[in-house]
Every structure is written in structure tokens, then in C-alpha cells.
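J.:
Chains as they are written, first to last, in our numbering: chain B, 4 to 507; chain W, 4 to 507; chain X, 4 to 507; chain F, 4 to 507.
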């Protein structure tokens, strides 16, 4: 066991751009019509309340948007926004704004047959860019009419997804993407110039070249650009076995360094220096079949990322909030290695708590290192999060031995523990036989094993220092809160006379 | 630490008349109109689902039942069942049947002014027994009309409450009570002979004499009697301090012995031999101001009682389900030593879990001693509850070292732990400063500290024996479940390759 | 205006096999995962409470059931029941049992590429009947394991859908269907012989030949057959215009006569004489694009059918409960001529009320003709439904001039009126401009216009007859209830002194 | 039938200070703990959304606020805010702010025994004004601590209730009230000077003298005064019969004139000129036993008041939102003549709709007379309310023959009708036998009869004028909305081919 001694001055300040709750990813738009999806998102919003949501498939055929018919041999277009309305109405009712991703291509407007995923998103350029622009404008204008310009002006619009991958954009054709970007961004602005549009939504493959070329293109062509977007995942090459994929994690430092390079490229363009860079997708693994997503390791590793990504990024959107997701087909079990913070059956995974904890600590940080962050929270107390990611078996515990400089008085400590012993529903599911189709009583049990253990203590500070030890087992994630209290005792109540009311 | 070795044969049988969920007590009827009351009872029914509910105050003036007016100088009676309807409608909608307690006396029908409690229940005999009989008949007939005879014939009717105490019945006048019983029981039967009525609802003061005389009275007078009722509390004399009362517990054996004496008295009457004895109230302390009710000790002690009371009793009704209760006035804090399984703010107290656990284990017991009970549950597994009450400070741990004789195969173990460290909301409330008026975020925290810790394990049995140790700290209460499983592994899923998926 | 004088003897009896709430149709199984679907079905069950539900697409690829993979070059099958479980769990939680329709063909098991509908159900025979049998057995056994044999034995299993149409079954190949039926029905019975299976699920095209041949086939082959199924629609040839289809209705008598022929064919087989014939689909039009479904005409016409279909059929399942339906793609407006009792946006269509009314009148009929039915209801009153379908413009009113022979006393009359003026949300939607994407306030308004007008009256019967006129405008549908009452008047309440309390 | 021709210029302006939704009255504070109360208030807020709520009994003993105990013979005070917190928490969660009425007197602080109502509110002055001030300060400071000063500074504080009545204030002692006012208002301001306090909360008995003297007192003494309060009821002397009271209404003009006198008195004090006058209670009858409250007459009469009271008053609070009310005891029936907008059983009375309608029309009036008001509403349409109160039997209909000057184009008209035939639950209840204890199915029926009839029409304006007739039967209340629409017709949809889609 390693012990780290740390002194905390509650009046210090340290950088921390907490955007953990800014945006979250989702399975494709059509899935947003699902009942389980709605219920999961409702829970997510109740506990974490993200501000934006982003997903694929807005214009896929299962959304029924783009239609043509013939009159006297001439093709006419007609639009149908019913399903998009249902999805966006639901988002807004849950306190979420769309981070709109324009894509993929309606079959009637596609130039080819290439599709991606089980659900067959067409990834070819439009056969007619004018009609594509018409689709963009009709959509944006419909939203302005339905929700008002004031509302829509707070949304963000992104052009396509990962065009630097052949799977997502035919031939990963850079020039074709720039054309798409140009047409799309101008179509958005033609609806109203205050609308915000960005790209290029690339992932970490050949990304430096793509980003430079994209910014050069915009710079020269004058294509509107309000923010830059990219993706970031933290795993090495996959090893496939049956339905599953296994990968090693890269060190967090390596992951974070990649973002700094992008940041640097943007800042190297005088015109774009300081421009917002949104990470419109991130996670450990980019595969919805990697069991790592269901582990405590994932939570501890992600917590570290959440504490530092804001140093370079305007936001970072975890991919995805729930396991209602079908890129690789219908999952065979409730713990299928999918991206979600919630497993199907409304079971919070450990990483759910990383986001729940970061949603509570605010932005006013006083101390941070590779294992913890501490902030002053709104109610005048201190709130901290600590983590200890250990991918390899074994892995020793760490104790953070904090000394807080505080006023004298009474204090309460609240601790919420998420670790491999205490809040590990994946293990619980395996322990009960890994049932592929758990019934309601099994799901209830799994939800119980997916709760942090909450414990409280009371301290008296008489010499302006409070010593608190936080011990982190391998892959533990801990939230803690220290608060000055003004103890009140009801007339005649004597805790000493009540068995168990005070610590033995 | 003490260790007890215990061998369990899953085909054995042991007596166990599990009536923990048969009936529960409640604050007075008028409180059943409250919003918080409804919400608490709804939670109770969702988790424990009692069959019956019993409380005081059916005919108190705040229920607005009994009225008189004058026509030409003559007094006429009119009844108003609106509030009773609201209460009983709500009970039935929550799956509860009334265990009707007839009392107390409407002021207009009372022979005196003596009242009990903050809410002033009149405890004097009727000024006119004919009018009392009219009240009883009008009520019962109203229920038959509203709910149908089939439904009402499943209810139970009890005459008055604790007439052997001067506080509850003027002068504790035995003959007067017998008269009341006679008139009331005959009034009930006059509505329909299949209705079930009983008494004498005495508490443990001079109870042997009262019970004998009562049975003699019924025997001689022919007053209808379908079951016998009494109360039982487990504490010594109170020591009052401010708003609170402190008492010592009697040993569980002493508590249980008292019930056996009553049982014996009943059985000594040939006519009543084997007749149901319902304990229409029981708890540790009879005071709503004793902090013991909020402790883990209370849960562990009660669990012991629940495992054995059925040996002598047809049922035993915990007094009460929640802290919406006003006998001693409005409580000053959420942990005020009141009777409820739920503290105000929807916080389960440790004893809540004793009932929740007993509601799940069924009735088919295979082993039992003073620290545990094990049953076969419906789903073919074994379910057990263990407890370790220690009133005095200190108190050593106990380990139950079980050896189960089982078929070979894979087994899962689920354990739910409620102890002074893990599930002790009273202590948590004190740790955060014992706020008298906690806000919603504090209540949420307290509810989190009031959940059992649920843990799972998997075992392989190869030699027909499974050894499991259950360690009970002082006042611990543990639920455990052992179940044969048929593990299924999805194609390609390898727990060994997933960090944290199996025990290190 | 036509007036019909009718004498009603409340002790008479008339045939009436009310199965209006036995079963209802639904959009394909995958849609049952939708949020709007769940909400609509919940409302339907709250108000009408059907017993069974039937729809297409159980084995379509979007349910993710049937998979194959290769091990050492050999194809292995694996099943995934997650989505089916979600659907059936939801049905059962809403009080519905599956009327299982086996179909269509998973792509991996299909012998061809032919598909039907926007959602591309594969309608070709299995490439391997043994694997198809394996799929059937795995499914049924999975349900027995999950829900218990007792539950599953109350379900009904039907083989395929409308094999007599080329669109639904490749080449409408009769022999191939009989093979499918044979294999499937035996597979079901192999799971447990008490399970009930039937066919041939034909529609009204060449149906007499199909039915005869099918029964001959079963008779000879010994294929298990527990009930016969067919479909019935009431419209003539379609006239297509844009998104819509217009058709004339056949007279109800013609519709009903067709069912009698089927009944006769069944009864002509001694082995099958009297066997249940379930109409597993019926409606006016078979097109989901015919605006008739949204009209009052549809309600009045359907009411007539509901009053008589039970004369020949064991049940008749209205196709469908709601407009979450995609056979012809995503509807462009909330009133798109789709089948549902509810329009999208939770708006009851007039026909919703036909079913709601029939769900309330019970089965104990005392009088019936082509315009009304009257029953004794459970609460001792009389309940009636009256209708006046008029397809052609104009159409005169009808007055049903009832004379009821009743005991003397006080009676209340409750009337619920659904007609083109009063409860006509289609017209209201047109009046407000037929918005394709109504917002919540417009939907609220439309729901208000979709409520029956409920009115009450009080009568005094002194000469053992009560005269009540029910006037039906064109396409009116009326529910009425006559009940003896025992008026109670609170002390001092004088309706004559209260403005508006009694009819002027 | 009378016809009134009215020309409406949509660009005109007319005075209209719409405060119908500013504040509403409630039964005493303790009733706010009830379940039915919560449910009724939730519905009220969903449909009408009042901003403030005011009721009696804040400090009555059933709220458990004020306690004393002795230490060494000395009396000490302790406060208990649990119940007040529960009530105010609930109000705030429902979007309501307290219009706090300080009163009545806790028994421990009272100088006498005089009480009012079934629930026995003590109406005597404090025995010790310092302790009263302590109670006020403790309460206000508790609210500031719990809800924040920012929130509490938006509340309004009123001193006592109707001190000009002997029943509400011992001897109606004016000087004693002024003393109470002085002490209380200064106590409030001592907590924070931005808090707003007012009085004298008088009813219309000797009110001119009281108001003048009160303002003189404040003026001289310097007692803080931020607003003036009074009450207003519209009925003559009562005629009592059994449980009921009958009264004649005064003409609305007389009712309104009384308020102008008060307004004039206030304005005659230079210091108070223009000061807000809040009518903290108003209704037709001041008796909770007058059936008028349940009638359509009450709705039509109240609508008239709502259209004009804002001319002199800052607000006017209808007494009360619901029938959970006990001043005269527990009501014997669901239509007991009580004050509420909702009858028990969640049945909207006609007057509910008057408030619902006024909550929707906004404040931008263009025309008004004694029978109607028309405003421009937010969505660019016109919204109107019309009424026709007729107390006497008979009473002829009125037709308002409106000519609107409008742009050419298509318009929709929506009408909601509440009249004695259409939306009259009192009559419906009588028709079904006036059951004192209706069951759920009867309540459902009554709720159905309590809905307005909503109808729509479409118009085309080609000559810049639209003629619309609104016919009001006796005691009718009508809401109507005229809105320019931009009709959209889906491709191929032809209303002429759809039976019932357009008016015959």
C-alpha cells in the first residue's frame, strides 16, 4: 500500500474546466423512440442532467425524413419530420438540447450503396448537393418554426461523423467531405447567421493531417466554422473472441497528449486560435463489444480523464449514456461490453458514478493531481473525487492522507465508495450465473449491487487542521464531502444512551 | 468472537409460523388522510406488503362520524362516513384490509370527558349503549354496502384498545368493558353472522386476570368471540429526559414466555382451546419517544421475536409502519424515537429490513435457533435470516459457521447486511449534525445510508457440502440466499480477461 | 327523421357473444419497443382492457432472434430472446397475453429475398424446415421457462399470416404453407401437448378453397389443430391518390355473411364441428392509408359488427389498437388513415369509443337489432349501445323510441354521445388547419374534441314503463345506461332552491 | 333572446388588470398535510397555476409550532417547524408562494379561550406580546434559513384575519388589533427590511371606519405597511336549513362599488396613495354551506367579477381552491356548498373553468363589457370569455353578435362551453341520486360531466370582417379563441371524400 501525504489549503485555486455534464452520446436517433431508451435517459437526466446529446442517424431511412415522388415524370421532394419531432420533443422535455450531427445519407439521396452497422446507415455522398442543402435548410427551418430561433440558436450543429474512416465516409475522401462541409455549413447559416456549426468530427486516425487540411480549407473557402470537433478513444488494437473484443488501455497521459496536439493545431491558425474544440465522442474503447465498459477500471480511468480533459477541450461527450444501442446488433446479455453508463435493465455501471460525482463538485477547484480533485461546492463545503485505475491484475491500494487547513468547529464527512467489492454489478451478474435474460427480481438485485456505499463521520477541528485518509483499492472511485456543521441536539436526546448512535 | 458450528440438512423441517406480514399498526385513523402517510404506506406495501392494518381513533371526532341534531326537541342521530371511506378506500387500493378497532368514543356519545393523547381520544363508556350499537351496525352495514359482504367477511373486528389501562378506558373498569364487548360483538354479528369479532385487546398489565375473566364472561354470556387479542411490549420502566424516554429491554425469552402464558389460559377453556390469538400490537418499547426504535438493536431484537412469535400467536402486528404519528404531539426531529418502520422523510429504519427480510423467506423452515432461521424459498433456494442483538455496549461478534448438505453444482450466495456501520441512518443523521428540519438533499443522503449492503458470491459444490460463514457484528441483521445456478456464458465472454469480473 | 318504436322487456334474453375485448391487433413486434407504443397501449388497457394481442414480425431481423456462426466450417445457430422478452414482459405487465403469430422468416433462415412492407418482412419459406422447427421449439421453451407452463398454456399460437396472398407468402403456395403448418404445429405440441395452435390465418381471397383444403390437410395428416383463424375486411377496391386510398364499404350484412360461410365449412368437418374460429384481424379497410379509419362512420359501422360477429366467431381482433404502425412507412400527419383506435398524440378516434362501450356492457343481452344492443350489466342496470352508420352524404337521423318495462321507482339515465358534431377529432384537426406536426397545446385541444359528451337525466317510473328516446344523427354512436336509484337527500338540501340543480 | 351587436377592432386597447391567477385561498394549514389536498392542489396548479396561496391556522395547535417547558420553575419556549416546513415545501414544489397569514393564537400563548370553527382556532390576543414577536421572528428567520432571503422576499405577510369580526378577534377590539399589527409588522421587518407586510385583512363589516382608522394608526405610529388587505363577498343574509344556507346575490356592480370605496380611502392618504390593495379573500357567499358555490351561476357571476376587480385591486384571491375544508365540520356529501373550485373526488365545479379560462387570456385586452372580455393572446390570436349570470329562474339567452375586423385569410374558432346543460356536475350528481359516498365509477362519471364541451370551426375571411355569434344560455360561461391559420393539406388528402371530415 502506497500512502501519499497531501496538504490542502481551502483557499487555494487550481485549474479545472469541468464539462463532464456538457454533452453525452446516444445510440442512433431511431432508438430514441424506444421506451427503455426514454426511461434510461430520464434516469440519467435526473441524476446527472447533461445539457446536450449527440448521436448518429438523423437522416437514416428509419427516421422517414426524405421522400420523393413523381409528378408528370418529374421528381419532387417531400419531407416528414414526425419522428425527429418526437425525438427532439422528448430531449427538450428531459432538459437536453440536440448537438445535431447531420448524417447519414437517405437512400433516395445517396450516390452509392455502402452502409455501416447492423442498422445500415448509408455513408455515401449525396447524389445531388442542392437537394442535400434543401434537406438541411428544411430541417433547420422546421426546428426554428417548432422551437423558436432563440432555442435553436443554443444548439450546436456538426457535419457528418468520422469522415476520416472509410467505414463512415466512402473512401474517407477528404475533398468530398470538405465539399459536404461547405454546403452544409452554408445551408445552416442561410437559415440564420447566429446558428453555430462545426466539424470535422474526425477520430484519431490520420487526424493531424485531416485537422490541418480542414482548417486550411475553411480558412481559404470561407466556409463558416464556429467550433472544431473530434473524437478520442483510449484503447489499443482489439482481440476478437466470439461476441467480444478485448483491448489494452493506453496510459491516460497518452490519451490526454493527443488532445493537446489537436489544440495546438487549431491555435496555430490565427483565425481559429482559442476556438472551442468539442470532443463529440470519447470513451475507453471504441467497440460496443468490449467488456471493459462494464468495469470499475473503466470508471476509475474515466474519472482521471474527466479531471483533465477540460484543460484543452470545450467539452467532451461520453459515448454513450445507455446500452440501448445496436451498432453491432442486439446484445445477447445485459452486460455485453456496450458503451452505456446504464446497462439494460436500468443498472448503473461504475462509470455512471464517475459522471454523477463530477456533476456534483462544481468548477471551483482548490487541488488536483493524478489521483484526485477537490473543489469548493456551492453549499460552502469541500467536495472531492479520488480514483485509482489499475488495469493489471493485482495492483496495490493507495491511501491519500489529506491534511485540510480549516476553521475550528464541527465537520461532517460523507464518503461514497464505488469499487470492485462494493459497487460492481458485472461481478454480481456473473456470481448469479450470468443469466442472459434476467427477470425483474434478478434485475432488482443487480441494481442493489450497483449502488455506492455511502458512509458518514463526524469530526471536531480544534487546531485548524483536519486529517482524513482516503484509501483507494484497485479501481476504486470515491466521492467525499467535508462540511462545517452546526450540530443541534433536541432537548433530552442523548446519543450516548442510544445503542449504535455514535461510533463505538 | 464466538463461532457456532451448524450443520444444515436441506430436507429437514422445523416449526415456523411466519406471520410477520400479516398485520401492521398505524397512527390514528385521521392521520391516514395525510399525504406523507399515504406515501409511506405505499412504500411499505411495495416492499413488505402486509395483509391487514390496525389503528386507533376510528370514531374520534376528527373522523366526523357521529352527529346529532334536534327535531322538535328530540335528538336524532346522523352518520357521516366520508373520512372513513377515504381511509378504507386507500387501504384497499394498497392491498390492505382493515383490522378494525372499534373506538374511541365520539364526544356526543361519551359519558365523560376523559381523553388520551395529544389528539384527545375520549376513553369513556358510551352514555347510551343502544346508540353505540346503532353506530356499530351503521358502520358495518355501510362497509358491507360499499365493499360487499364477501370482502368485509375477510376483515377482523376488535372491541376497543387496552381497557386494562386507566388511560385507555375509564377506571380500567372490567365489567364496563365486558358490557361494551357484549353489545359491540352482538351488533357486529347482527349485520352478518360470518363476520369475525374479538377482544379484549389488553396490554401486559394485570393481563392474566383480565384474560381469564374475559373468557369466562364470554363463555357464560354467550357473547360472540372468534379470536382473542392482546398486546406485548419488551421494555422495562422508562427514564424520562426532555422529549425522550429511555428504557432497558427484557430478554427475548421473557417476552416470548409471557405470550405462552396467555396461550395457556386460552387453551384451558375447552370452548376456546386452539382459538387464534392475535397480538394486535407489539414492539420493543411502548413509548413513541424512545430512541431505541430507530436503532439496529431494535432490528436485531425484533428479528428474533419474528422468528418465534408464531409458535404461540396467530399473528403479531408491529406498532407501527411509519412515523406519521401524533400520540405525543408533533415530533421535533425526523429521528424522534417513534414507532415507525419508516422515519419521516421516507427513511427506512433498520427494523424495516427485519420485516422486509421476513416477508421474503416464506414459511417452509428447515433450521432455526436463537440467532437464525433458514427456509426453503419458493424459487427452490434456501433463504436465511440471522441476527445478533446486543443491548450493552461492547458486545462481541458471532460467526455462524454453516455446513450445508447440498447436491453438487454451482451456487450463488446473496447477502444483505444491516448493521451499525452499514445501514444506520440514525448515526448518519447525528454525523451530519442531527438537523431537525433536513432538506431534500439531506434526506436523500439519509436514505442512501439506510440501504443494506448487498453482496454476491459464487461457489462450486463438489463434495455435497457447502461451508458458509455468516459473521454478525453487534446488532447486525443479515439476510442470505443460497441458490443452485446453471451458469451460462455468452460466446466469447471470458471473465478472466475482464478486470474485476471475478474475485481476485 | 325515421322513428322506430321498440318495446324492451328486461327479463328477455337474446343471443350475444361479446368478444369485443378478447384480442386486438398491433403494429409489428419491433414497434412494441417504442415509448409512444407503450403509452398508447397502457391507455388502451386502462380503458378497454383487451385480453390478447396479436401482430406480425416476431422473427423479423429487427427482433434479433436468429443468428448463425461458424465453428470449423460448420454453421451453428444461436438465439437471442432479449427483444421478444422486452415485448412480452411489457404485454403481461399491461394485462395482455400474446396471441403469437409465428413469422416472418429470419434472413439467415430464408429461402429467398422476397419481402413485404416498408419494414421488409421476409415472406419466403424456410431454407431448412428442421432449423425452423428448432426456432419454434427454442422460442416456446424459452417462454415456458420464463413465464411458466401454466401461463403459456393460456396463450394461442398461429402459424404465419395470410398465406393465401402472394405478398405475404411466396407464390401463395398452398402446399408449402401446409408443410409449414405441419412442422410448426408439431413443434409447438412437442414442447407441451396442452399448448394451443391454429391456422390458416387467411384473408378473404380464395378463402373458401383454402379453408377446405387446409382442414382436409389437417384431417389427413393429423397435424394438430386447436382452432381455425381467418381475417375479414369490409371494403371494396381502392382508389389511390397521393398518400391516401379511398374505398367504398360493403353493407355489414355482406361482411357478416362471409364469416358464416367459413363457419359452415368448419362445421362440415365432423372432426372440427364447433371448433373455435378466431378472426385474428378485422377492420373496415385493410389499408393503413384510408381516412375512413379516423371517422365517425367507422365507429358506427364497427359497432354494428361488434354486436353480431360473436354469432359465428370465437373472437375478432380489431386491426389495430394504435397508430404506431409502419407498414406503409412513417405517417406524414396524425390523422393519416391508419388502423388505430388511438391516433398518434394519444387522441382517441371515434372507433375507440365503440370498443370502450362494448367493454362495459357485458354479455347478458335482452334485446338487439341492426341499430342497437341492450344488456343487463353487472350492477343491476341496463346498458345499451346504439349506432347509425351512413356512408353516403346526407343520411337521415333515426330515433329509437324505447319503452322499457320496469319496476316502479326512481331511475337515472346516463348517455354518452359520439357523433360527427360532438366527438370528431378528425374534423377538429382539419378546422385548425390540419397541422402535420401539432404541438402539445394543439394535441391537448384535439384530445378534448375526442371525448364523448356525457349527459344525465333522472326519471320516475310510476306505471311500470319508462319511455326513452335515443336520437342518432348520421354516424352517431351512443352508449346509455338506465339504473334504478335510491335517491338520498342530505338534511336541508333543497335542489329547488339551487339554481341549475334541476332541469328547468 | 336578446342580441347584442358588437364591433371588435383587434388593434384597440381597453383596461384589464388580469390577476385571476395571482393568489388563491385554502382550508387551514393543517389540511395542507392531507393527501386529497395535495392531489387537488396539484391539479389546480397544472391547469390554472396560481402564484400565491393563503389560508388560516398557521399557528394553531394542530401545526405543533409553539411549545413551552419549565426549567427550574422558569418557562422556556421551543419551536417546532416540521409541519409548516412540510406545507411550505409542498407549496413551493407546486409553484406556489405563501401569502402568509399570521394567526391564530397557540393555546400556550393565548390570553383567553375563545375559539372559532369546528377546528377551534384560538382568536384571543397574545398573553405576552414579546413572546408573540419572538414567534414571528423565529418563523420568518426559519424560512429565510430554509428557503433563502431571495425567495422569502417575494412572499407577502398579512397580520391576522378579519379582526373586525368578533368571531375572529376577541371583541373585534380595534386597538388591540393595531397593537398586534404594530408588533407583528415590526417583527417581520426586523428580520429583513425588504420583507413585505400588510393588513388589516378586514371583511365588509364596518369596513370603512376600520380601514380609515388603520391607515391613520400606521401613519402615526410608523408601523410598517407595504400593502393593504381586505375581503369581499357578494351575498345577502343567510337562510339556514339543516346542513345548508341559502342567500341571494348582490348585483356585481354593487360588489365592485364597495371595493372602489376602499380604494378611495387608501388614496385619500397621501402616504398610501396608489398602494396595492390585495383582496385576500373573495367569493359569492362567505358560507361553506351554500350550494351556490357548486353552480353554473357562481361561475358566470365570478367571471364578471374577474373581468373588473383588477380595476381597483392589486389582486383578488378566490376563497378557496378545493373542498378539503373543515370550518363547518366534515362535509356530508361531495357537493356540500363548500368554497372550492374542485369538489372532493377531483370534480371541477363550473367556477374552476372561470379561472382556467382567465388564466389563458393574458392581459392585453381589446374590448370588454358586462358580458365579455376579449384579449390578444400570446400566440397572435384573439381569446375571449363571455358570461351570462341569471340568478332568477327562467332568464333569457343572450347572443353576442361579434363583427371582427381582421386581415383576410383562414381562421379557426375554438369554443369551450360551460353551461347548465353541458358542464353541470351538481345536476349530474342529483340525477344519479345524490349519493353521499360515490364510488370510483360514479366519481369518474361526475368528472366526465364536469368537462366543457369543446367545438371547433373554420372560417375564411375575404372582406376583412368575420362575423361570429356567441349564444349564452342562462349562466353560460364560454371561452373562445380565433386564430389565423395556414392550412396544410397532405398530398392526396381530400376532406370532401372523407365522411364527416367537413361540416355537412
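Heads up, the beta-carbon is just placed ideally off N, CA and C, and yes, glycines get one too. The structure presented is a predicted model; accordingly, all values stated were derived computationally and were not measured.
(1) Could you give the distance in angstroms between the alpha-carbon of residue 358(B) and the alpha-carbon of residue 129(B)?
(2) Between residue 452(X) and chain F, is the shortest Cβ-Cβ distance under 7 Å, so that the two count as touching?
(3) Locate the beta strand (DSSP E) running through residue 248(B), then write down its first and last residues.
(4) Taking Cβ positions only, does residue 467(B) come closer than 7 Å to chain W?
(5) In chain order, what residues of the same chain have a beta carbon less than 6 Å from the beta carbon of residue 81(B), not counting five sequence neighbours either side?
(6) Would you list, in sequence order, the uninterrupted beta strand (DSSP E) runs of no fewer than 3 residues that lie entirely inside the segment 117-183 of chain W?
(7) Could you list which residues in chain F have their beta carbon closer than 7 Å to that of residue 41(W), in chain order?
(8) Would you say residue 386(F) and residue 311(F) are within 7 Å of each other, going by their C-beta atoms?
(9) Do residue 200(B) and residue 229(B) have their C-beta atoms within less than 7 Å of each other?
(10) Using DSSP with H/G/I as helix, E/B as strand and the rest coil, what is residue 491(F)?
(11) Since residue 99(F) contacts residue 16(F) with CB under 8 Å, what's their CB separation in whole angstroms?
(12) Which of the residues in the segment 70-86 of chain W, read from start to end, lie with their CB under 7 Å from any CB of chain F?
(13) State the Cα-Cα distance for the pair residue 243(W) and residue 237(F), rounded to the nearest angstrom.
(14) Let me see if you follow: with CB-CB separation under 7 Å, is residue 527(X) close to chain B or not?
(15) Looking only at C-alpha atoms, which of 264(F), 502(F) and 476(F) sits nearest to residue 393(F)?
(16) Between 437(F), 300(F), 372(F) and 463(F), which has its C-alpha nearest residue 422(F)'s C-alpha?
(17) Using only the alpha-carbon positions, how far apart do residue 218(X) and residue 72(X) sit?
(18) One question on the structure: do residue 506(B) and residue 465(B) come within less than 7 Å of each other, judged by their Cβ atoms?
(19) Do the CB positions of residue 29(X) and residue 323(X) come within less than 7 Å of each other?
(20) Quick one: what's got a C-beta closer than 7 Å to residue 175(F)'s C-beta in the same chain, skipping five residues either side?
(21) Mind reading off the beta-carbon distance from residue 172(W) to residue 184(W)? Whole number of angstroms is fine, and I expect it under 8 Å.
(22) Return the CA-CA distance between residue 155(B) and residue 490(F), expressed in angstroms with no decimal places.
(23) For the 8 Å Cβ check, are there 3 or more pairs between the segment 36-45 of chain F and the segment 86-100 of chain F?
(24) Going straight from the alpha carbon of residue 279(F) to that of residue 203(F), what length do you get?
(25) By Cβ distance, which residues of its chain are closer than 7 Å to residue 252(B), with the 5 residues on each side in sequence left out?
(26) Does the structure place the segment 111-121 of chain F close enough to the segment 330-337 of chain F that three or more beta carbon pairs sit under 8 Å?
(27) Kindly say whether residue 208(B), judged by its beta-carbon, lies nearer than 7 Å to any beta-carbon of chain X.
(28) Write down the C-beta distance between residue 344(X) and residue 38(B) rounded to the nearest angstrom, noting that I regard them as a contact closer than 8 Å.
T.: Looking at the coordinates:
(1) Indexing the first chain from 1 puts residue 358(B) at position 355. Indexing the first chain from 1 puts residue 129(B) at position 126. Whole-angstrom Cα-Cα distance: 38 Å.
(2) Here residue 452(X) corresponds to residue number 449 of the third chain, with the count starting at 1. Interface residue, yes.
(3) Taking the first residue of the first chain as position 1, residue 248(B) is located at position 245. Note, residue 248(B): beta strand (DSSP E), 247-249.
(4) The residue given as residue 467(B) occupies position 464 in the first chain. Closer than 7 Å: no.
(5) In the first chain, the residue the question calls residue 81(B) occupies position 78. Cβ within range, chain order: 70.
(6) 159-162
(7) The residue given as residue 41(W) occupies position 38 in the second chain. Within 7 Å Cβ-Cβ: 38.
(8) As a first step, residue 386(F) is located in the fourth chain; it is residue number 383 there, counting from the start. As a first step, residue 311(F) is located in the fourth chain; it is residue number 308 there, counting from the start. The answer is no: Cβ separation not under 7 Å.
(9) One-based indexing of the first chain puts residue 200(B) at position 197. One-based indexing of the first chain puts residue 229(B) at position 226. In this structure, residue 229(B) lies closer than 7 Å to residue 200(B) by Cβ.
(10) The residue labelled residue 491(F) in the question sits at position 488 within the fourth chain. Coil at residue 491(F), not helix or strand.
(11) Numbered from its first residue, the fourth chain carries residue 99(F) at position 96. Numbered from its first residue, the fourth chain carries residue 16(F) at position 13. Rounded, the Cβ-Cβ distance is 31 Å, inconsistent with contact.
(12) 83, 84, 85 and 86
(13) By one-based count along the second chain, residue 243(W) stands at place 240. By one-based count along the fourth chain, residue 237(F) stands at place 234. Straight-line Cα distance between these residues: approximately 56 Å.
(14) Given that chain X is displayed from residue 4 to residue 507, the structure contains no residue 527(X) and the question cannot be resolved.
(15) Indexing the fourth chain from 1 puts residue 393(F) at position 390. Among 264(F), 502(F) and 476(F), the Cα nearest to that of residue 393(F) is on 476(F).
(16) Reading the fourth chain from its first residue, position 419 is the one you call residue 422(F). The shortest Cα separation from residue 422(F) among 437(F), 300(F), 372(F) and 463(F) belongs to 300(F).
(17) Here residue 218(X) corresponds to residue number 215 of the third chain, with the count starting at 1. Here residue 72(X) corresponds to residue number 69 of the third chain, with the count starting at 1. Those two C-alpha atoms are separated by around 39 Å.
(18) As a first step, residue 506(B) must be located in the first chain, where it is residue number 503. As a first step, residue 465(B) must be located in the first chain, where it is residue number 462. No, the pair does not count as a contact, with Cβ atoms beyond the cut-off.
(19) By 1-based counting over the third chain, the position of residue 29(X) is 26. By 1-based counting over the third chain, the position of residue 323(X) is 320. Closer than 7 Å, so yes.
(20) Walking along the fourth chain from the start, residue 175(F) turns up at place 172. So the qualifying residues of the chain are 166, 167, 168 and 169.
(21) Looking up residue 172(W) in the second chain gives position 169. Looking up residue 184(W) in the second chain gives position 181. The pair is not a contact, with the Cβ atoms about 11 Å apart (cut-off 8 Å).
(22) Within the first chain, the letter at position 152 stands for residue 155(B). Within the fourth chain, the letter at position 487 stands for residue 490(F). Each residue's alpha carbon lies about 25 Å from the other.
(23) yes
(24) Taking the first residue of the fourth chain as position 1, residue 279(F) is located at position 276. Taking the first residue of the fourth chain as position 1, residue 203(F) is located at position 200. Between residue 279(F) and residue 203(F), the C-alpha separation is close to 13 Å.
(25) The residue you call residue 252(B) lines up with position 249 of the first chain. Correct list, in chain order: 237, 238, 287, 304 and 394.
(26) yes
(27) Taking the first residue of the first chain as position 1, residue 208(B) is located at position 205. No, residue 208(B) lies away from the interface with chain X (no Cβ there is under 7 Å from its Cβ).
(28) For this step, residue 344(X) is matched to residue 341 along the third chain. For this step, residue 38(B) is matched to residue 35 along the first chain. Not a contact, Cβ separation roughly 19 Å.
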